[in-house]
Each structure stands twice: as C-alpha cells, then as structure tokens.
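Student: Per the UniProt record's numbering: the sequence shown = residues 1 to 311.
Virtual Cβ for every residue (Gly too), placed ideally from N, Cα, C.
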Amino acid sequence: MSKLLVFGHQNPDTDAIASSYGWAYLEREAFGREAESVALGTPNEETAFALDYFGVTAPRVVESAKAEGVDQVILTDHNEFQQSISDIKEVEVVAVVDHHRVANFETANPLYMRLEPVGSASSIVYRAFKENGLTPPKEVAGLLLSGLISDTLLLKSPTTHASDPQVARELAELAGVNLEEYGLAMLKAGTNLASKTADELIDIDAKTFELNGNAVRVAQVNTVDIAEVLERQAEIEAAIEAASKENGYSDFVLMITDIVNSNSEILALGRNMDKVEAAFNFTLENNHAFLAGAVSRKKQVVPQLTESFGA
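Structure representation (structure tokens):
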C-alpha cells in the first residue's frame, strides 16, 4: 500500500485536526502503514491553542491528493464528499472514521468504515487505540481530548455520548491536564472574534449540506457575548451575500453560540427563509432569531433543516 493521507473536513475544527492526527499515528504504530495527517485548511485559534499547548506542529495544508502523489486517503470527522478534499472522487477512500450522518457518499471498492454516534471522532480514535493495545502518548492524548472538548463544548452539548465523560477523564489523565481548567481555556481561545474579518468569521467553522437540491451553508462561531457579534451584523450579512453568490449557496445559516449559557442566535439569509423559520418554529426579525439551548449544529440545526427542506 502506498502512502496514505489522513484528513478531516474543509475548514477544519479541532476534532477534524485531532482525529486525523491520532488516526495517522495509529496507522503507523498499530498497522505499520505509511500515513501522514494533513489538513484541508488552516487551524482556527482554538485548534492552534491545543496544538501549541501540546507542542504539536500544525499539519500541513493540502488542496489536492493527486498533487501530493497520493491515490489513497482516509477521512476522519466527515464523509460527505462536498466537505472533503477537492479531488476526492479521483482517489480511493480506504477508510472513514466519523460521527456524523452519512450522505452523498459512495465508493467503487469495499472500505473500512467506523461510524459511531458519539461526541467526537476523537472519541472513536481513542477507543481504537485501546482496542489495539496502544496508549496514546501525551501529545496525541491531548489533541484527542481537545477534539472531544471542542465538539461537545466541554461535555455540555446534547451530542455528548454516555461514554464520552469517561473517555475525557482518561485522556485528561494521559495528557496531564485538569479537564475543566484546560477545557475552558481552550474554548475561550476560540472566542476571539474581534480580530476576524467578516469573511473569516463566517468561514471559521462552516459546512455545506445538500438539502433537497439546495446548497445550504451552515456556519457556527462560539462567543461569550452574542450581542457583540450582532453589532457587526451589517458587515457579516455583506460577507454572507458575497459568499453565497460566489459559491452558489441557496441559503446561509450562521449559529452564534454562547458557550457560557448554552444558547444560540441564528442569523440567516437566502431563498428559503420560510423553511428555516419552520425548521426552528421561530420568526426571523431583521434576519435573526434566538434559539434557546441550541449549541450543536449536528443535532440541533442540521436535522431540523433537513426535515424542513425535505417537506
């Protein structure tokens, strides 16, 4: 088998970076295969905090597998092709390690797929370490812990699986950190939005979903002050409109999530605002509305939009 590239989704979040880094390590140490963790975008500030804390160099950013001379890839933290590398249909996907829905995905050959409805792809990677009799070194454990903390908002999100708290405790011990103290520091590192342009802000953590023939972009930013973000509404909306025109999005939904109080404000623009309003049973006023208790795109936004757009 030739060299494998292992990567998470475009606009990588902490779990995408961590899970790919951990799985590439596992490929080399447990399975004896040449594998490199790469990224499909520059790590955000939260991820940069985790990488720096554990002394890990950020994976290099690649745009094409073929340009790297690679024919086989492994996907972590995603499976939908529109969220993957640009030439995903030209290479062989030999494995997928993910915790999301399966959509827009097919392969010519059989492959290894590990899909579990847990809080993070990093949780799955850690269990694979244990199953293969390996203990992740401190820096790998630290990144996997970071991925789990990020995707579950320190185990407060409804995406948190019953097994995740124990996984978090074990990884924190291996990483040599206090779970609560480290987790809060890492999450807060990702809320520094003032330095971001509007274009950067709407692209920090964004994914495109094909919903009944519509390209719906769903982005999320974490903050400790929703009002502060909404002060920039005019420039954010201009950035959304420009991105939608350039990329053909029918609709753009931005989650502005308060990580302290576990609520979100939804800012939405596009052709199907009636479907967005129906999805959440609210009325948009000045293009936004409050969504109490919503912190998870995966469980509290995308399924509702999928149902509404499919109706």
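(1) Anyone know if the C-beta pair for residue 258 and residue 272 falls short of 8 Å?
(2) Report yes if the C-beta distance between residue 150 and residue 52 is below 8 Å; otherwise report no.
(3) Whole beta strand (DSSP E) runs in the region 203 to 284 with 3 or more residues, listed along the chain?
(4) According to DSSP, is residue 125 helix, strand or coil?
(5) For residue 72, which residues does DSSP report across the bridge?
(6) Hey, is the region 125 to 136 in contact with the region 104 to 112, meaning 3+ C-beta pairs nearer than 8 Å?
(7) Quick one: is residue 293 buried, meaning 16 or more other Cβ sit within 10 Å of its Cβ, or exposed?
(8) Compare the Cα-Cα distances from residue 68 to each of 76, 58, 87, 82 and report the closest residue.
(9) Give every residue of the same chain whose Cβ lies closer than 6 Å to the Cβ of residue 300, excluding the five residues on either side of it in the sequence, and list them in chain order.
(10) At the level of alpha carbons, what is the spacing between residue 75 and residue 85?
(11) Let me know if residue 246 comes out buried or exposed under the rule of 16 or more other beta-carbons within 10 Å of its beta-carbon.
(12) Does residue 40 come out as helix, strand or coil in the three-state DSSP assignment?
(13) Count the other C-beta atoms from every protein chain shown that fall within 10 angstroms of the C-beta of residue 83, then say buried if there are 16 or more, exposed otherwise.
(14) Pull the bridge partners of residue 98 from the DSSP assignment, please.
(15) Helix, strand or coil for residue 291? Go by DSSP, reduced to three states.
(16) The alpha helix (DSSP H) spanning residue 187 covers which residue range?
(17) Measure from the alpha carbon of residue 27 to the alpha carbon of each residue in 167, 201, 97, 90, then state which is nearest.
(18) In whole angstroms, give me the CA-to-CA distance for residue 237 and residue 230.
(19) Output the distance between the C-alpha atoms of residue 262 and residue 3, rounded to the nearest integer angstrom.
(20) What would DSSP say about residue 61, mapped onto helix, strand or coil?
(21) Confirm, please, whether the CB-CB distance from residue 58 to residue 43 is below 8 Å.
(22) Mind checking which residues open and close the alpha helix (DSSP H) that includes residue 140?
(23) Quick one, which of 11, 15, 19 has its alpha-carbon nearest residue 153's?
(24) Compare the C-alpha of residue 181 against each of 145, 192, 201, 161 and name the closest.
(25) In its own chain, which residues sit with a C-beta less than 7 Å from the C-beta of residue 164, not counting the 5 before and 5 after it?
(26) Compute the Euclidean distance between the alpha carbons of residue 100 and residue 310, then round it to the nearest angstrom.
(27) Just to check my reading of the structure: residue 198 and residue 173 have Cβ atoms closer than 8 Å, yes? What is that Cβ distance to the nearest angstrom?
(28) Pick from 296, 305, 297, 260: whose alpha carbon is nearest that of residue 281?
(29) Would you kindly work out how many angstroms separate the C-alpha atoms of residue 34 and residue 48, rounded to a whole number?
(30) By the DSSP assignment, the alpha helix (DSSP H) with residue 20 in it spans what residues?
(31) Mind checking whether residue 138 and residue 176 have CB atoms under 8 Å apart?
(32) Please tell me whether residue 77 and residue 8 are closer than 8 Å, where the distance is taken between their beta carbons.
(33) Would you decide whether residue 80 is buried or exposed? Buried here means 16 or more other CB atoms lie within 10 Å of its CB.
Tutor: Judging by the given coordinates:
(1) no
(2) no
(3) 206 to 211, 214 to 223, 251 to 258, 263 to 270
(4) helix
(5) 4, 92
(6) no
(7) exposed
(8) 87
(9) 294
(10) 9 Å
(11) exposed
(12) coil
(13) buried
(14) 115
(15) strand
(16) 179 to 189
(17) 97
(18) 10 Å
(19) 42 Å
(20) strand
(21) yes
(22) 138 to 152
(23) 15
(24) 145
(25) 118, 119, 123, 148, 152, 155
(26) 19 Å
(27) Residue 198 to residue 173, Cβ: 41 Å. No contact.
(28) 305
(29) 25 Å
(30) 14 to 29
(31) yes
(32) yes
(33) buried
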